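Undergrad:
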Amino acid sequence: MYLCPNSNIRVKMNQEIKDTLKVIPQQPGCYQFLDEKGTVIYVGKAKNLKKRVSSYFNKQHEHPKTRILVRNIRKIKYIVVNTEEDTFLLENNLIKQLRPRYNVLLKDDKSYPSIVVKNEFFPRVYKTRNIVKDGSRYFGPYTSVQSVNTLLDIFRNVYKVRTCRLNLTPENIAAGKFKVCLQYHIKKCKGPCEGLQSLEEYNRNIAEITEILKGNISIIEKQIREEMQKLAGELRFEEAQELKEKLLLIQNFREKSQVVSNFGYNLDVFALEEDEQAAYINYLHVVNGAINQAYTFEYRKKLEETREELLGLGIVEMRQRFGSNSKEIIVPFLPELKLSGVDFTIPQRGDKRTLLQLSEKNVKQYKLDKLKKSEMLNPDQRATRILKGVQKDLRLKEVPWHIECFDNSNIQGTHPVAACVVFKKAKPAKKEYRHFNVKSVIGPDDYGSMREIVERRYARMLKEGSPLPQLIVIDGGKGQLHAAVESLQKIGLYGQIAVIGIAKRLEEIYYPGDSVPLYIDKNSETLKLIQQLRDEAHRFGITFHRQKRSKSQISSQLDGLKGIGKETKRKLLTHFKSIKRIREATDQEISELIGTSKAALIRQWIGDSNNKTEI
């Protein structure tokens with residue numbers, strides 16, 4: 193047994209592990225951790241194998257999954273390589289081959305199509321998902337099958353490449369073994385099977401197709417224009433027209449490819465976004481200033497992988513998969529990776545900055561779409577994500593599943609009221625909203641009102657044993673917040689519940705005892721949730737205030753008259769419209785409306801208040 197420093201975690205270190213740690217070299221390479229069954233559970237890379245592998249056993253690990261990993265290690269294997277670059281390549285291959293439990297998982301098991309130029313006489317050009325090392329040339333893979341089909345249609349329409357599987361050797365063609373098919377008659381093939389098209393001409397077409405597949409469309413366009421002008425000068429207008437139609441088709445394809453620069457850039461672009469569970473990486477392959485490939489993928493996190501490490505893994509994976517050998521890679525930050533003969537660039541302006549922004553836009557949209565789809569299936573996931581963001585942004589000790597917000601409302605001190613709104617799991621819990629009539633405050637005293645309602649609210653919750661919130665939001669600046677804190681101190685809750693204030697002017701967040709406010713990103717979900725709480729408390733409070741004010745204004749001289757209830761008063765005012773007309777009405781008119789006994793009470797009241805004013 194081995195005790196990690198500053199930790200209570202005991203790690204099993206058998207003699208084999210101890211012996212391995214003693215002899216492991218200080219060279220770049222890859223290491224494998226095996227469990228008691230001999231299964232590889234983790235593959236890693238290192239500039240210095242001895243230093244990196246030893247670190248798992250001589251320091252405390254904060255991430256719980258890392259601690260579990262270390263507990264399960266029973267054997268260590270390692271492979272020494274020549275360069276740091278080789279470590280990335282080897283690690284990537286080993287992870288894909290072994291799929292260890294604790295390594296990041298690339299969520300992509302798809303087989304993407306490629307275009308092959310077959311190694312044969314009169315080469316065929318077609319779509320395939322299988323790579324065979326027979327001397328054929330493969331281009332791709334392509335993430336869009338539609339793009340592949342578009343390219344193949346262009347080649348068949350422009351260059352008339354054959355689609356048959358005949359063995360078109362010169363000997364077989366000379367022997368007359370084949371006959372032209374329907375493709376020849378519909379002018380989709382020039383009939384090389386009967387020697388109607390020479391091998392030289394066919395190979396020239398294949399060479400142009402190869403350049404297009406490489407992304408060098410501008411070269412082909414230039415060659416076609418020169419040939420077209422030459423034919424026109426020789427008055428061979430029909431042949432020139434055929435070339436013009438070919439040029440138009442190629443230009444149409446070029447327009448469908450997103451051109452980002454007038455300069456002939458050949459480079460790769462990567463952008464990364466991440467959350468707690470995954471990292472999302474976008475890859476753009478640019479050839480001659482046009483985006484030739486675009487792909488976004490996801491890594492599922494397993495341990496404490498840094499974004500630099502994840503970006504490095506993504507770069508190696510994509511360059512291998514798409515066969516890229518670009519000498520420049522555009523990145524938002526430097527990855528944990530070095531490639532010989534390759535420069536990493538973090539552009540600040542210009543076309544390259546535009547490319548990086550495009551890649552960042554795509555990866556952010558991909559992440560957003562994934563979150564939306566996931567949250568549609570699991571609505572609580574959205575609440576969890578938002579509230580963990582609130583915890584992080586506000587530096588709270590725990591996730592605020594239960595939040596309450598307070599607001600005062602009065603007009604020059606009249607009809608003072610307050611409101612408390614309750615959010616649970618980031619959603620309004622309207623059944624738990626509460627109104628307060630301010631009782632102890634006279635005049636316009638917002639601080640006193642806040643002090644009263646906070647004390648009343650939580651004193652009652654303590655008495656009833658109701659669950660307390662994790663966060664209290666006060667609508668107001670430092671003054672209102674201080675008043676709320678005083679009440680919490682009085683009832684012994686200060687320090688047990690996080691409390692903040694939000695000022696309306698600049699939407700700044702105040703903490704108790706801190707004169708410097710916190711400014712949160714205006715577009716962040718944290719600020720949007722706090723604003724929603726504040727606005728809901730204001731709406732709820734002002735509605736109650738208006739009701740109370742209106743009720744006080746809708747009064748009459750009949751209020752308080754014994755024997756005359758609300759319904760009777762309503763009938764009288766609805767029928768006669770005013771107190772004046774009630775006084776002027778006859779006994780019979782009043783009796784017919786409300787009855788004899790109540791009419792007598794009204795008549796007695798009129799006699800006692802002849803000089804009262806009309807409402």
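Add 192 to a position in the sequence shown, counting from 1, and you land on the number used in this note's numbering. C-beta: ideal position from N, C-alpha, C; glycine also. All values derive from a computational prediction rather than experimental measurement.
Is the beta carbon of E277 sitting closer than 8 Å to the one on L531?
TA: Yes, Cβ-Cβ distance for E277 and L531 is below 8 Å.
Undergrad: So if DSSP puts R366 in a beta bridge, which residue, or which two residues, is it bridged to?
TA: Reading off the sequence, residue 366 comes out as Ala, not Arg. In the DSSP output, where bridge partners are listed per residue, A366 has none listed.
Undergrad: For I521, report the span of its beta strand (DSSP E) as first-last.
TA: Residues E520 to I522.
Undergrad: Going by beta-carbon coordinates alone, are V308 and R329 separated by less than 8 Å?
TA: Going by C-beta atoms, V308 is nearer than 8 Å to R329.
Undergrad: Nearest CA to the CA of I271: which residue from S306, I260 and P217?
TA: Checking every option, the nearest Cα to that of I271 belongs to P217.
Undergrad: For G236, I'd like the list of residues in its chain whose CB is within less than 6 Å of its CB, leaving aside the five on either flank, ordered along the chain.
TA: The answer, listed in chain order, is Y223.
Undergrad: So, using beta-carbon positions, are P384 and R354 closer together than 8 Å?
TA: For P384 and R354, yes; Cβs fall inside 8 Å.
Undergrad: Inspect the beta-carbon positions of R507 and I521 and report whether they are closer than 8 Å.
TA: The sequence shown places Ile at residue 507, rather than the Arg named in the question. The answer is yes: Cβ separation under 8 Å.
Undergrad: Strictly by DSSP, which residues pair up with R620?
TA: According to the sequence shown, residue 620 is Pro rather than Arg. Paired residues: F615.
Undergrad: Taking just the CA atoms, how far does I786 sit from D667?
TA: When rounded, the distance between both Cα atoms is 49 Å.
Undergrad: Could you check where the alpha helix (DSSP H) with S247 kicks off and where it finishes?
TA: Residues L241 to S247.
Undergrad: Who does I307 pair with in a DSSP beta bridge?
TA: Per DSSP, K319 and F331.
Undergrad: Going straight from the alpha carbon of R762 to that of S789, what length do you get?
TA: Taking the straight line from one Cα to the other gives about 17 Å.
Undergrad: Quick one: is S601 buried, meaning 16 or more other Cβ sit within 10 Å of its Cβ, or exposed?
TA: By the 10 Å Cβ count, S601 comes out buried.
Undergrad: With hydrogens ignored, establish whether the beta-carbon of L459 is closer than 7 Å to any heavy atom of the ligand FAD.
TA: Summarising the ligand content, the structure contains no ligands, and the ligand FAD is consequently not present.
Undergrad: For G799, which of helix, strand or coil comes out of DSSP?
TA: Helix at G799.
Undergrad: H377 by DSSP, collapsed to three states: which one?
TA: Looking at H377 - three-state DSSP - the assignment turns out to be helix.
Undergrad: For E567, which residues of its own chain have a beta-carbon under 7 Å away from its beta-carbon, when the five flanking residues on both sides are left out?
TA: Once the five neighbours on either side are set aside, the close Cβ partners of E567 are Q573 and R574.
Undergrad: Terminal residues of the continuous beta strand (DSSP E) containing L464?
TA: Here the beta strand (DSSP E) through L464 covers L459 to E466.
Undergrad: Out of P524, L579 and R417, point me to the one whose CA is closest to V151's CA.
TA: Outside the shown range of the chain, which is 193 to 807, sits residue 151, and nothing can be said about it.
Undergrad: In the DSSP output, what is V508 paired with across the bridge?
TA: Its beta-bridge partners do not exist; DSSP assigns none.
Undergrad: With the cut-off set at 8 Å, would you say F615 and L725 are in Cβ contact?
TA: Yes. Within cutoff.
Undergrad: If I measure Cβ to Cβ from I683 and keep anything under 7 Å in the same chain, skipping five residues before and after, which residues do I get?
TA: If we look at I683 and ignore the five residues flanking it on each side, its Cβ neighbours are E647, Y650, A651 and L654.
Undergrad: State the beta-bridge partners of Q224 as determined by DSSP.
TA: DSSP lists V235 and K269 as partners of Q224.
Undergrad: Exposed or buried, which one is R643 when buried takes at least 16 other CB atoms within 10 Å?
TA: So R643 counts as buried.
Undergrad: DSSP state of D667, grouped into three classes?
TA: Strand.
Undergrad: Is it true that the CB of V317 sits closer than 8 Å to the CB of K438?
TA: No; because the gap between Cβ atoms is not below 8 Å, this pair is not in contact.
Undergrad: State the start and end residues of the unbroken beta strand (DSSP E) segment that holds R773.
TA: Segment I771 to E776 is the alpha helix (DSSP H) holding R773; no beta strand (DSSP E) there.
Undergrad: Please report how far the alpha carbon of T546 lies from the alpha carbon of K519, in whole angstroms.
TA: Using only the alpha carbons, I get a separation of about 19 Å.
Undergrad: Which of helix, strand or coil does DSSP assign to A695?
TA: Residue state, collapsed to three classes: coil.
Undergrad: How many whole angstroms separate the CB atoms of Y703 and I712, which I take to be in contact at a CB cut-off of 8 Å?
TA: Rounded, the Cβ-Cβ distance is 13 Å, inconsistent with contact.
Undergrad: Spatial neighbours of V340 within its chain, please: C-beta separation below 7 Å, excluding the five flanking residues on both sides.
TA: P305, I307, K319 and Y334.
Undergrad: Note down the Cα distance separating H594 from H674, rounded to an integer number of angstroms.
TA: If you take the alpha carbons of H594 and H674, they lie about 22 Å apart.
Undergrad: Could you tell me if A367 is buried or exposed, where buried requires 16 or more neighbouring beta carbons within 10 angstroms of its beta carbon?
TA: A367 is exposed by the Cβ-count criterion.
Undergrad: Could you name the residues that DSSP lists as bridge partners for F628?
TA: Its beta-bridge partners are A610.
Undergrad: Between F314 and Y394, which are expected to be in contact by the criterion C-beta below 8 Å, what is the C-beta distance as a whole number of angstroms?
TA: Rounded, the Cβ-Cβ distance is 5 Å, consistent with contact.
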